[in-house]
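Worksheet for the structure shown next.
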DNA sequence: GCCGCCCTTCTGGTATACCAAAATGCGGTA
DNA sequence: TACCGCATTTTGGTATACCAGAAGGGCGGC
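Residue numbers (the working numbering), protein chains in the order written: chain A, 1 to 217; chain B, 1001 to 1217.
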């Protein structure tokens, strides 16, 4: 929970970064943002600090810039997701969540066409699933790593069949968790993540590399 | 990396909180801190925001206060540590770290008498060990959860034999990792954490409960 | 013509002025 | 005496003024 102006600046900056409207490596100049966001530097600095903490903005010397997309980091991020999410579904299955808790998840499965909305929904699904684990640290860590690799995931979900595949996987996951099949759910989400990782990496290498990979600054 | 005044304010505030000099539940009034820390509100607000993100400071409405020590959170934190640290040592063992990398760890094992320094060293050890995993997300998440439960761990390490036991465990862990015995290391650190958790919880319930557990605000 | 130095400008860091909302307390009234 | 309401104070939020250090460009010397 942030102050209103700070919140607004944060949301707009974050959106600009995640949607790639601001390119990786691009510097964030406070006095420019002051004009473009129509708020004073105080909330802007707070927002930048927040983004920096989340890893979406890097600091070099005293200049802030949009974090580049780092392939090594991406590897580690997926390894970390595997760890978090397989554990989360195991814990969730062991808890035998009530149908009411599951309902939130289903909302994420409606068909959408806009890939950005699709990605938002997918993120929401993974987080809601993690929440069923009952461990807030798993949830917040997952939230962190997901936002960190959001831009890269964007290029994956751009392919229509990618989103379709994800939806089917998600539905199956819900069934496994609800049935209390923790190990199966863990194995399944592991597969799910691996497929996602592979699609993503081939996309990055083939089509998007030049566009996405900003200078290390 | 923060601005110098902000850094200073952050360090001092953090220290005050972790050392329990500021009690859980105590409000952080910017204009008071302005006097006691001799800096303006700008860096103070930045420091508070940082602490808030780390979970050491809570916000209710628009007042910030020192986060209470929540026993449920503590449970989840240890569960999370088990997950992170068992994985970390497995990954570390698989990498067969060079002796040079191990040397950093040994520095944490010198005998100390001051329990605060001891705790700092123990934290450093666990983080350095996690670093051997080669996964930055594991490291940063562990850093987060460790600082979050720092105050509670304090009461555990107060017992001299607690620190002694920890040192012995740490030494053994290094040997296992260096020998590439990932599963054994994972099992051992799991035990290590469980003992730690048990000692800590009995301490909290018996001696420290009234002192440490602030109001939920 | 090229290199280097100085001056200007730009940037982030800090302090402070200003504001609105919420809390506090005092005084009046029932 | 207890309670309600208004005035005052306190507080966090925001804008802005001011500063020092770094960077960039232009001018002068070699």
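Here a beta-carbon is modelled for each residue, glycine too, at the ideal position from N, C-alpha and C.
Using a cut-off of 9 Å between C-beta atoms, extract the partners of residue 1197 of chain B located in chain A.
Under the 9 Å cutoff, chain A gives no residues; its nearest Cβ is about 14 Å from residue 1197 of chain B.
Using beta-carbon positions only, say whether residue 35 of chain A and residue 44 of chain A come within less than 8 Å of one another.
For residue 35 of chain A and residue 44 of chain A, no; Cβs fall outside 8 Å.
Proximal residues to residue 240 of chain A (C-beta, below 6 Å), its chain only, five neighbours per side dropped
Any property of residue 240 of chain A remains undetermined from this structure, which presents chain A solely from 1 to 217.
So, at 6 Å on beta carbons, what are the nonlocal neighbours of residue 169 of chain A in its own chain, with the 5 sequence-adjacent residues on each side left out?
192, listed in sequence order.
At the level of alpha carbons, what is the spacing between residue 1185 of chain B and residue 1088 of chain B?
Straight-line Cα distance between these residues: approximately 10 Å.
Near-chain B residues of the segment 144-175 of chain A - C-beta to any C-beta below 9 Å:
144, 145, 148
Bounding residues of the beta strand (DSSP E) (the contiguous stretch that carries residue 65 of chain A)
Counting along the chain, the beta strand (DSSP E) containing residue 65 of chain A begins and ends at 63-66.
Quick one: grab the DSSP three-state call for residue 1097 of chain B.
Residue 1097 of chain B: coil per DSSP, three-state reduction.
Tell me, please, whether the CB atom of residue 65 of chain A is closer than 8 Å to any CB atom in chain B?
no
At a Cβ threshold of 8 Å, is residue 1138 of chain B touching chain A?
Cβ-Cβ to chain A under 8 Å: yes for residue 1138 of chain B.
Alpha carbons only, please: which of A:80, A:136, A:96 is nearest the one belonging to residue 180 of chain A?
Taking only the C-alpha atoms, the option nearest residue 180 of chain A is A:96.
Status (buried if at least 16 other CB within 10 Å, exposed otherwise) for residue 1194 of chain B
So residue 1194 of chain B counts as exposed.
Given a limit of 8 Å on CB to CB distance, which residues of the segment 1049-1061 of chain B reach chain A?
1049, 1050, 1053, 1059
Taking the alpha-carbon of residue 22 of chain A as reference, which of A:171, A:206, A:57, A:77 has the nearest alpha-carbon?
Ranking the options by Cα distance to residue 22 of chain A, first place goes to A:57.
State buried or exposed for residue 60 of chain A, treating a residue as buried only when at least 16 other CB atoms are found within 10 Å of its CB.
Exposed, since its Cβ has fewer than 16 Cβ neighbours within 10 Å.
Look at the Cβ atom of residue 1139 of chain B, then the Cβ atom of residue 1130 of chain B, and state whether they are nearer than 8 Å.
yes
Assign residue 1215 of chain B to buried or exposed, taking buried as 16 or more other Cβ atoms, counted over all protein chains shown, within 10 Å of its Cβ.
With a pLDDT of 42 at residue 1215 of chain B, under the threshold of 50, the modelled position of that residue is not reliable, and the figure given next carries that caveat. Residue 1215 of chain B is exposed by the Cβ-count criterion.
Alpha-carbon to alpha-carbon, residue 1135 of chain B and residue 79 of chain A:
8 Å
Taking Cβ positions only, does residue 1122 of chain B come closer than 8 Å to chain A?
no
Got a sec: is the Cβ-Cβ distance from residue 190 of chain A to anything in chain B below 8 Å?
no
N- and C-terminal bounds of the alpha helix (DSSP H) containing residue 972 of chain B
The structure shown does not extend to residue 972 of chain B, since chain B is modelled only from 1001 through 1217, so no value can be given for it.
Can residue 142 of chain A and residue 74 of chain A be called in contact, C-beta distance under 8 Å?
Cβ distance not < 8 Å, so residue 142 of chain A and residue 74 of chain A don't count as in contact.
Determine, using beta carbons only, whether residue 1076 of chain B comes closer than 8 Å to chain A.
Any Cβ of chain A closer than 8 Å to the Cβ of residue 1076 of chain B would place that residue at the interface, and such an atom is present.
Specify, as a first and last residue, the run of the alpha helix (DSSP H) that residue 29 of chain A falls within.
Run containing residue 29 of chain A: none; DSSP gives neither H nor E here.
Do we get a CB-CB distance below 8 Å when we pair residue 194 of chain A with the residues of chain B?
no
Please report the Cβ distance between residue 1009 of chain B and residue 1039 of chain B, rounded to the nearest whole angstrom; I am assuming they are in contact, meaning their Cβ atoms lie under 8 Å.
Contact between residue 1009 of chain B and residue 1039 of chain B is confirmed by a C-beta separation of about 5 Å, below the 8 Å threshold.
Sheet register partners of residue 1059 of chain B (DSSP bridge)
Answer by DSSP bridge pairing, in chain order: B:1064.
Within 8 Å of any Cβ in chain A, is that where the Cβ of residue 1040 of chain B sits?
Closer than 8 Å: no.
Going by Cα to Cα distance, which pick from A:199, A:132, A:120 is closest to residue 92 of chain A?
A:132
Taking the beta carbon of residue 98 of chain A as the centre, do at least 16 other beta carbons fall within 10 Å, making it buried, or is it exposed?
Label assigned to residue 98 of chain A: exposed.
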